[in-house]
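S.K.:
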Amino acid sequence: VLCGIPHNTDGATGEHGDLLDIIRARMGITRFPDLLAEARAHLGRPQPVVPDRQEPRKAKALGGTPAAAARLFAASNPITGTLAETYLRSRGITQFGANGALRFHPKCWHREEGQTRNIPRPAMIAAVTDGAGAVQGVHRTWLAADGQGKAAVKPERRAMGHLLGNAVRLTPQDDILVIGEGIETMLSLSEAIPGLPVWAALSSGHLGAVLLPEGLQRLYIAIDRDPAGHRAAEKLSARASEVGVHVRVLEPRLGDFNDDLRANGKDALRQHLAGQIGPEDRHRLPS
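Sequential numbering from 1 applies to the sequence shown in the UniProt record's numbering.
1. Find out if the Cβ-Cβ distance for the pair Gln173, Pro213 is shorter than 8 Å.
2. Please work out which residues of its chain come closer than 7 Å, Cβ to Cβ, to Ser76, disregarding the five sequence neighbours upstream and downstream, and give them in chain order.
3. So does the region 228 to 242 actually touch the region 264 to 276, counting three or more Cβ pairs closer than 8 Å?
4. State the beta-bridge partners of Met124 as determined by DSSP.
5. Could you tell me if Trp142 is buried or exposed, where buried requires 16 or more neighbouring beta carbons within 10 angstroms of its beta carbon?
6. Using C-beta distances below 8 Å, list every residue in its chain close to Ala101, excluding the 5 sequence neighbours before and after it, in chain order.
7. Suppose contacts are defined by Cβ-Cβ distances below 8 Å. Is Arg270 in contact with Asp260 by that definition?
8. With a Cβ-Cβ cutoff of 8 Å, do Gly137 and Leu163 count as a contact?
9. Gln95 and Glu184: beta carbons closer than 8 Å?
10. What is the residue span of the alpha helix (DSSP H) that residue 293 lies within?
11. Check the C-beta distance from Gly161 over to Ala98 and give it rounded, since I have them as a contact under 8 Å.
12. Let me make sure I understand the geometry here. Which of Val135, Arg157, Ala132, Ala74 has the alpha-carbon closest to that of Glu112?
13. Candidates Ile221, Gly278, Gly215: which alpha carbon is nearest Leu250's?
14. Is the CB-CB distance between Asp175 and Gln217 below 8 Å?
15. Cα-Cα, which of Ala123, His272, Ile119 is closest to Leu72?
16. Kindly indicate which residue of Ser287, His283, Leu273 has the alpha-carbon position closest to the one of Asp256.
17. Within 10 angstroms of the Cβ of Arg117, are there 16 or more other Cβ atoms? Answer buried if so, exposed if not.
18. I'd like the list of long-range same chain contacts for Ser203, defined as Cβ closer than 7 Å, with 5 residues on each side in sequence excluded.
19. Taking the C-alpha atoms as reference points, what is the distance between Lys58 and Gly165?
20. With burial defined as no fewer than 16 other Cβ atoms inside 10 Å of the residue's Cβ, what is the status of Leu219: buried or exposed?
21. According to DSSP, simplified to helix, strand and coil, what is His246?
22. In this structure, does DSSP put His162 in helix, strand or coil?
23. Measure the alpha-carbon distance for Cys108 versus Pro279 and round it to whole angstroms.
24. Could you check whether Thr65 and Gln148 sit closer than 8 Å to each other, using their CB atoms as the reference points?
25. Look at the alpha carbon of Ala201 and the alpha carbon of Ala151, and state the distance between them as a whole number of angstroms.
26. I'd like to check one pair, Leu236 with Val210: are the Cβ atoms closer than 8 Å?
27. Flag this pair as yes or no: are the beta carbons of His110 and Arg121 separated by less than 8 Å?
28. Going by DSSP in three states, Ala192 sits in which element: helix, strand or coil?
29. State the start and end residues of the unbroken alpha helix (DSSP H) segment that holds Arg282.
30. Pick out whichever of Asp146, Gly114, Ala67 has its Cα sitting closest to the Cα of Asp89.
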C-alpha cells in the first residue's frame with residue numbers, strides 16, 4: 001500500500017490534489033488497482049510480487065476420511081464381553097447383528113462441545129459400509145464407565161467418513177430389507193423377529209438417501225414417530241417405488257422401536273409388528 005503520497009498543484013492548469021487524482025484526470029484511469037500501479041511507476045517504486053496461484057486443497061471428508069474410519073474400526077475389539085455388549089443389554093438387546101458391524105473401543109477420542117481438548121472414552125463403534133462391503137465411515141456412541149447407558153457428554157454420538165447412501169448393515173439382506181434410523185432401533189426389530197434383515201441409516205436425513213441393493217423386492221421402512229422420520233420415509237418410499245420395490249412402513253407405538261421393546265417386551269413388539277408385515281413375510285415371525 002502506498003502511503004505519504006505528496007499533494008501537488010499544477011501551476012499551468014491549476015489542477016490540484018494528490019498524485020492519484022492527477023493520474024486519474026490525465027490518463028483516464030478509473031480502477032483503483034490500476035491507479036496504484038501507475039503511481040508506483042511514476043515514483044520509480046517496484047510493483048508488488050503476486051505469488052503463484054496454488055491449487056486449492058481438496059476438502060477432507062466431513063469428520064474424517066473413509067481410510068481413517070476403517071483404521072478406527074480395525075483397531076476396535078469384537079463386541080462380546082465388552083462395555084458395548086453391556087450397553088446394548090441395558091437397552092433390552094441381546095441380538096447384536098450377524099455381520100460383525102458393531103465393535104468396541106476402550107479409548108476412543110471424544111471432544112466436548114466448545115472444547116479443544118480430546119479425552120479418550122469407551123465407545124461402541126459401528127461400521128458404515130457401501131454396497132461392496134467396504135468401510136466408508138464409522139459411528140461412535142460413547143458409553144458410561146459401567147456400560148449402563150451412554151456417557152454424560154455432548155455429543156453422545158458422532159459419525160465420521162462418507163455416510164450418504166451408505167448404512168450400518170447389521171444383518172445380511174435377501175429379497176426383503178428393513179431400514180430405519182438408529183442402531184438400537186433396528187436391533188430391537190431383530191430382537192422381536194430374529195433373522196430379520198436390518199440396516200441402520202443413523203439419521204432421518206441419511207435414511208432418505210440410502211442406496212438400495214439390487215434384487216430387492218420388498219422394503220420395510222421402520223420410522224421414528226416424529227415429523228423428520230415421516231418425511232424421510234416418504235422420500236425413501238418414493239425412490240424405492242420408482243425402481244419397482246414394494247414398500248411398507250413400520251410404525252412404533254412409542255417414540256421408536258427400542259422404546260417399545262423396553263416398555264413392553266419383545267413378545268408385545270412382535271405382535272405389534274405382525275399386524276404391519278405383509279402376508280408374504282409372515283413366515284419370518286417366530287411361532
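Backbone N, C-alpha and C fix where the C-beta goes; we use that ideal spot for every residue, glycine too.
M.R.: Based on what the coordinates show:
1. In the sequence shown, the residue the question calls residue 173 occupies position 173. In the sequence shown, the residue the question calls residue 213 occupies position 213. Yes, they are a contact pair.
2. Mapped onto the sequence shown, residue 76 falls at position 76. Excluding residues within five positions, the ones whose Cβ falls inside 7 Å are Arg103, Phe104, His105, Ile125.
3. no
4. Here residue 124 refers to the residue found at position 124 of the sequence shown. In DSSP, Met124 forms a bridge with Phe104, Thr141.
5. Residue 142 sits at position 142 when you count from the first residue of the sequence shown. By the 10 Å Cβ count, Trp142 comes out buried.
6. Here residue 101 refers to the residue found at position 101 of the sequence shown. Only Ala126, Ala127, Thr129, Val168, Arg169, Leu170 meet the Cβ criterion.
7. The residue given as residue 270 occupies position 270 in the sequence shown. The residue given as residue 260 occupies position 260 in the sequence shown. Contact: no.
8. Within the sequence shown, residue 137 is the residue found at index 137, counting from 1. Within the sequence shown, residue 163 is the residue found at index 163, counting from 1. Contact: yes.
9. Numbered from its first residue, the sequence shown carries residue 95 at position 95. Numbered from its first residue, the sequence shown carries residue 184 at position 184. No, they are not a contact pair.
10. Here the chain has residues from 1 to 287 only, and residue 293 is not among them.
11. Here residue 161 refers to the residue found at position 161 when the sequence shown is read from its first residue. Here residue 98 refers to the residue found at position 98 when the sequence shown is read from its first residue. So it is not a contact: roughly 23 Å between Cβ atoms.
12. Residue 112 sits at position 112 when you count from the first residue of the sequence shown. The shortest C-alpha separation from Glu112 is found at Arg157.
13. Residue 250 sits at position 250 when you count from the first residue of the sequence shown. Of the candidates Ile221, Gly278, Gly215, the one whose C-alpha sits nearest the C-alpha of Leu250 is Ile221.
14. The residue you call residue 175 lines up with position 175 of the sequence shown. The residue you call residue 217 lines up with position 217 of the sequence shown. Yes, these two residues count as a Cβ contact at 8 Å.
15. Position 72 of the sequence shown, counted from the start, is the residue given in the question as residue 72. Comparing Cα-Cα distances from Leu72 to each of Ala123, His272, Ile119, the minimum goes to Ala123.
16. Position 256 of the sequence shown, counted from the first residue, corresponds to residue 256. When only C-alpha atoms are compared, the closest one is Leu273.
17. For the purposes of this step, residue 117 is taken as residue 117 along the sequence shown, with counting starting at 1. Exposed, because fewer than 16 other Cβ atoms sit within 10 Å of the Cβ of Arg117.
18. Counting from one through the sequence shown, the residue named residue 203 turns up at place 203. Glu181, listed in sequence order.
19. Stepping through the sequence shown from its first residue, residue 58 is reached at position 58. Stepping through the sequence shown from its first residue, residue 165 is reached at position 165. Note on Lys58: pLDDT 43, under 50, position unreliable in the model; no value is reported.
20. Numbered from 1 along the sequence shown, position 219 holds the residue referred to as residue 219. Buried, by the Cβ-count rule.
21. Translated into positions along the sequence shown, residue 246 becomes position 246. In the structure shown, His246 sits in a strand (DSSP, three-state: E or B).
22. Position 162 of the sequence shown, counting from 1, holds the residue named residue 162. In the structure shown, His162 sits in coil (DSSP, three-state: anything other than H, G, I, E or B).
23. If you number the sequence shown from 1, residue 108 lands on position 108. If you number the sequence shown from 1, residue 279 lands on position 279. In a straight line, the C-alpha of Cys108 is about 44 Å away from that of Pro279.
24. Against the sequence shown, residue 148 aligns to sequence position 148. Against the sequence shown, residue 65 aligns to sequence position 65. No, Cβ-Cβ distance for Gln148 and Thr65 is not below 8 Å.
25. Position 201 of the sequence shown, counted from the first residue, corresponds to residue 201. Position 151 of the sequence shown, counted from the first residue, corresponds to residue 151. Distance between the alpha carbons of Ala201 and Ala151: 22 Å.
26. Here residue 210 refers to the residue found at position 210 of the sequence shown. Here residue 236 refers to the residue found at position 236 of the sequence shown. Taking 8 Å as the Cβ cut-off, Val210 and Leu236 qualify as a contacting pair.
27. Residue mapping note: residue 110 aligns to position 110 of the sequence shown, counting from 1. Residue mapping note: residue 121 aligns to position 121 of the sequence shown, counting from 1. In contact: His110 and Arg121 (Cβ atoms closer than 8 Å).
28. Reading the sequence shown from its first residue, position 192 is the one you call residue 192. If DSSP states are grouped into helix, strand and coil, Ala192 belongs with the helices.
29. Within the sequence shown, residue 282 is the residue found at index 282, counting from 1. Per DSSP, Arg282 belongs to no alpha helix (DSSP H) and is neither H nor E.
30. Here residue 89 refers to the residue found at position 89 when the sequence shown is read from its first residue. The question names Asp, but residue 89 in the sequence shown is Arg. The shortest Cα separation from Arg89 among Asp146, Gly114, Ala67 belongs to Asp146.
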